[in-house]
Every structure is written in structure tokens, then in C-alpha cells.
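Listed in order, the protein sequences are those of chains A and B.
The numbers in the numbering used here rise by one with no breaks, and the one at position 116 of the first sequence is 116.
Here the numbering used here runs 233 ahead of the position in the second sequence, where the first position is 1.
Protein chains: 2
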Amino acid sequence: MTTPPPGLRERKKQATREALRDAALRLAVERGPDQVRVDDIAEAAGVSPRTYNNYFASREQAIVSAVTADRETRIAAAVAARPTGVRLADAVTEAVVEQYTNPGEREQQALLLFTTQTTLRDAFLDAAADIEPPLTAVIAERVGDTGAHTARVLAASVAAAVRVALEGWLVPAGNAEATASSSPGGLVVPSGSLPDQLRATLAPLAPAFDAADKRRDRSAGERFEKAAPPAKT
Amino acid sequence: MTTPPPGLRERKKQATREALRDAALRLAVERGPDQVRVDDIAEAAGVSPRTYNNYFASREQAIVSAVTADRETRIAAAVAARPTGVRLADAVTEAVVEQYTNPGEREQQALLLFTTQTTLRDAFLDAAADIEPPLTAVIAERVGDTGAHTARVLAASVAAAVRVALEGWLVPAGNAEATASSSPGGLVVPSGSLPDQLRATLAPLAPAFDAADKRRDRSAGERFEKAAPPAKT
DNA sequence: CAAGAAAAGTGCGTGCACGCAAGTTTGCGT
DNA sequence: ACGCAAACTTGCGTGCACGCACTTTTCTTG
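Laid out in C-alpha cells, this is it:
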């Protein structure tokens, strides 16, 4: 339905994009990230440097995109796939956790790489913002047209929360003092597993989702104060 | 306590920064934004081009910063200034609205400018993210150490919501079709007043704030069960 | 008040992003 | 099958961000 035959043009385009992504990551891993010139990537992908820049706006973006790929789309799909019975908050959380759990081996190398160079790290964190548009779509479908921008805001908040989680997770290298200083006197789970981090940062948003969700299934006008779900801490 | 005598070094630094900001905005307004070379800004501020780059990482940043100034700090201060009795959500919302309400005349010109060039618009939107760190601090103070990253996530969500509001507000120029397509069939307040937009985008987050807030004054034993203000739509 | 340390300003060189105006490939209607 | 129009690629030129090494200014300490 979405891909009858994609057409040759589109296929070539995707191929080029993938070649570039691939080359970028590979080169960045085998020599250091600083030792990769844009021309190298272009050449490795068999394309002109200028064309490279038609696909990616920065070297970092190219490298990072090899890992992030089309995570955005998959997250949206994963949310849409959950039965409409479950809480929206849970559906989103699980979808996100699921899609950010990659057992790939090349990804591990890449992530390790990201911890070494702040510019790569930043690019990776920025990539998380890409989940907003697709998420907005699926959330909008769930909450209906409650408030004009509700879905947008919720999606954006999720993206922000994910970013926070990733930031807190990508620290193990180098700055042992930064981890210590983040909590003066207490320990804050230096950098537990990513799924845990994600759940932790998404949790505070659950009430907002509940509220948006609630409005929907009681489209008539009664409002009742419902205590927050038993916080198990 | 905060400024004994700021020291001469610091004063000069601020002066330079302001000179750069000023020059950047002024030049951008009088000739078009594209007709402003970095060297021009530097020269107008009486400083070397290289130095300019020590203060700002991009031309857009310099221009935009003339408007955004230290809004971040003021927002945080405004939140902290509210009595602890009011709902946290309200405190934050009002503080944000208040600080984004500028009757300045030069700002108007600038904002108009931002609508014309996407790169400026984007820089302006990105600047909204700067409110996160200070907001995190004040929110953390209110909610205590509920969950490690709760404050961070809430602050980041606010920043995201503000961004959405600004995005929806900075459209009046040119694309009449974009405004129409944003809501297939219904009208979504094409671009009402900024305060309204801000309140609208921040509203969905209120439940999250309430949940975080509740925990806190529950531990103090005093609870203020207040229903959400009658949403009149 | 005299060094010396620390920080800010500067000049230079490099790699890069991107607009523009060709050239080349793909898709489609007749 | 042909040819036109749209999409993609490419080379070139420009302005820019930023690392590095060095000079100048400000702060500190004995």
C-alpha cells in the first residue's frame, strides 16, 4: 500500500543514502572521527562531495544517521500497533523502550564512539527530536482534537524526555567527577541500563497523557478528580 | 552577594557581547539579513572577526540573542518569585507568559525579520531551549528529589511546549496555505496572541506538574486539593 | 608594587555547508 | 519509440566556524 513498486528513482536514492551512511560510520570507526574528511565519505560511496551534502547537512548527521536510521517511523508504528485498551502513556513508553533497544554490534561501537566526541554526542541527541512528527500523528489519533496542540506538545515532551534519558546514559567515559557532582551527596544511579533510564524519564509525563486520554473516552462533561496511579516507590 | 563589584574583566566582556548583539541586530534590520557579513558585525562592534566567533557560534545566534537576551534567567527568577502556595504549573505558566511578553519596539521589528528567513526563525526557536537549565533548578527546588530526573524532564517539556507555541505563532507571513493545512477542515486559531498560544501549549503539561507537586506537599502534610480551573471550551 | 598567572583578543589556516547554474538521468504522455 | 519535463548530480565559488599559537590585558600574590 505504501510501496507498490517504489520506482527506480527512489530506489537509487535510498541506495545512495545508505551507502553514504554506511561509509560515514565505517570510516569514523576505523580511523578516528576527526580523521574522516567529507571527501573520503563521498568517495567511499562513489559520489561527488557536493552530492553528499545534498543528503546530509553535516558530517555528524551522516554518521549518526547510520544508527538512528528510521527509528522515528518504527516508534510511531509500534505505538499504533498496541491495542487501544492500554494506557496511552504505557503504549508510548513501551514503544520507545522497545525501539531504543538494539542488540546490534555495530551500534555498540558507534555509541562508544559518540561518547568520545561532544559534537557526535550532540548530533545523536538531536536526532531524538525526529520522533516528534510521527509521534504527533499517532498521539493525535488517540486523543482526538482535544486542544489544538495537545498532541504536538505531548510528542515534543516525549522527545525531550528521551533526550534527557540519553544524555544521562551517555556519560560513562571520562568524566567521573561530572557524575559525582550531579548529585551533591547522594547517588543518582550513575548510568543504569538505557531502558530503565527511559522509563524513569518518561514516567513524569504519564499524568499528562492520562489527562489527555481521559478527556477522550468521556466525551461528555463530567470531571472527576482521580488520584495518581499508585506510585510504587 | 551576586555582584559585589563584578570586576573589570567581566564588565568589558559583557560590554563586548552586547555591542556584538546590538550591531548584529541593527545591521540585519537595516539591510536584509543576507546582506550582513560577519566582518561587518565585528567591525561595527570594534572587534576582530575571530573574537566575534568567540562569543557566538553563528551569525543567527548573534542576531537572535539581541532579542532573547537573558530571558532564561528572568523566567527562572519569576518562577522563584511566586508564592509557594500557587500551583507549580500556574507559576511556571505565568512566569513564561510574562517573560515572553515584550512591548519593546525593536523586538517587533526583529520578530518580523525572523518570519522572513527560516534560518533566523530556527535559531530563534532553538533559543527557547535555553530556559531548560534554569527552569530545572527552580522546579527541582519545588518538587524536591522526587525521581532523579523529574525536574529535568518537566523543564525540558516546558521548553518544548514553548517552542511549539512559538512555531505556531511565527507563521503569519507568506504561507497562507500552511495555516490552512494544519487543520484539515477546522480552524485552529491561525495565529492568535502569543500569550494565548503559550497558555494553550503549556496546559497539557499541567497534570504532570500537579503529580510531581502533589507528592511534595503530601510529605509536608498540607494538601491543597484544587480542581483544574474551569476549562471553558 | 612588581612579577607571574590567568584570561581575553587576534591572525592564520583548514575543512565545510550551501547557493547557483550547468550537465545528466529517470519518468511519462503521446 | 520519441522527446519533453522534472528530478538528481556535479563543479565552482563564497562565507563561515573553529583549532592553534601568539600577543595583550586584567587579576592575584608575595
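Positions of the beta carbon are idealized from the N, C-alpha and C atoms, including for glycine.
Beta-carbon contacts of Thr-136 (chain A) that lie in its chain and below 6 Å, excluding the five residues immediately before and after: Excluding positions up to five away in sequence, the list reads Ala-151, Arg-152 and Ala-155.
Go through its chain and collect everything with a Cβ distance to Ser-390 (chain B)'s Cβ below 8 Å, but skip five positions before and after it. Counting only Cβ-Cβ distances below 8 Å, and skipping sequence neighbours, we find Leu-438 and Ala-441.
Hey, is Ser-193 (chain A)'s beta-carbon within less than 8 Å of any beta-carbon in chain B? Taking Cβ atoms only, chain B never reaches closer than 8 Å to Ser-193 (chain A), which makes this a no.
Quick one: what does DSSP say Asn-213 (chain B) is sitting in, helix, strand or coil? This structure does not reach residue 213 (chain B), given that chain B is present from 234 up to 466, and the question cannot be answered.
Locate the alpha helix (DSSP H) running through Asp-124 (chain A), then write down its first and last residues. According to the sequence shown, residue 124 (chain A) is Phe rather than Asp. Segment 118-127, the alpha helix (DSSP H) holding Phe-124 (chain A).
Quick check on Ala-91 (chain A): buried or exposed, where buried means 16 or more other Cβ atoms within 10 Å of its Cβ? Looking at its Cβ environment, which holds 16 or more other Cβ atoms inside 10 Å, Ala-91 (chain A) is buried.
For Val-164 (chain A), which residues in chain B fall below 7 Å Cβ to Cβ? Simply His-382, Arg-385, Val-386 and Ala-389.
Please report the distance separating the alpha-carbon of Glu-107 (chain A) from that of Gln-342 (chain B). Here the alpha carbon of Glu-107 (chain A) sits roughly 47 Å from the alpha carbon of Gln-342 (chain B).
Looking at chain B, is there any beta carbon in it that lies within less than 8 Å of the beta carbon of Pro-289 (chain A)? With chain A represented from 1 up to 233, any question about residue 289 (chain A) goes unanswered, as that position is not in the structure.
Within the same chain, show all residues whose beta-carbon is closer than 6 Å to that of Ala-69 (chain A), passing over the 5 residues directly before and after it, in chain order. Nothing meets the Cβ criterion.
CA-to-CA distance, Glu-400 (chain B) to Ala-394 (chain B), given in whole angstroms: Roughly 10 Å between the two C-alpha positions.
Look at the Cβ atom of Leu-125 (chain A), then the Cβ atom of Arg-163 (chain A), and state whether they are nearer than 8 Å. For Leu-125 (chain A) and Arg-163 (chain A), yes; Cβs fall inside 8 Å.
Would a check of beta-carbon distances place Asn-408 (chain B) closer than 8 Å to chain A? A caution first: Asn-408 (chain B) carries a pLDDT of 45, below 50, which makes its placement in the model too unreliable to give a value.
Excluding sequence positions up to five away, which residues of its chain have a Cβ less than 6 Å from the Cβ of Asn-102 (chain A)? The beta carbon of Asn-102 (chain A) sits closer than 6 Å to none of the beta carbons in its chain outside the five residues before and after it.
Proximity below 8 Å, CB of Gly-285 (chain B) to CB of Ile-296 (chain B): It is worth fixing the name first, because residue 285 (chain B) is Tyr in this sequence and not Gly. Cβ distance not < 8 Å, so Tyr-285 (chain B) and Ile-296 (chain B) don't count as in contact.
So Leu-253 (chain B) and Ala-278 (chain B) are supposed to be a Cβ contact under 8 Å. How far apart are they, rounded? The Cβ separation is near 5 Å, so the contact holds.
Please list, in chain order, all residues of the same chain as Ala-165 (chain A) whose beta carbon is under 8 Å from its beta carbon, the five residues on each side excluded. Counting only Cβ-Cβ distances below 8 Å, and skipping sequence neighbours, we find Leu-194, Gln-197, Leu-198, Ala-200, Thr-201 and Leu-202.
Residues of chain B with a CB under 8 Å from the CB of Pro-83 (chain A): which are they? Residues of chain B whose Cβ lies closer than 8 Å to the Cβ of Pro-83 (chain A) do not exist, since the nearest Cβ in that chain is about 23 Å away.
CB contact below 8 Å: Leu-88 (chain A) versus chain B: So, not an interface residue.
Simplified DSSP state of Asp-255 (chain B), which is helix, strand or coil: DSSP, read as helix, strand or coil, puts Asp-255 (chain B) in helix.
Please confirm if Ala-361 (chain B) has its CB atom under 8 Å from at least one CB of chain A. Not one beta carbon of chain A lies nearer than 8 Å to the beta carbon of Ala-361 (chain B).
Helix, strand or coil: how does DSSP classify Gly-144 (chain A) here? Looking at Gly-144 (chain A) - three-state DSSP - the assignment turns out to be coil, as it is neither helix nor strand.
Can you tell me the Cβ-Cβ gap for Thr-16 (chain A) and Val-47 (chain A), rounded? I've got them flagged as a contact below 8 Å. Contact holds; Cβ gap of about 6 Å.
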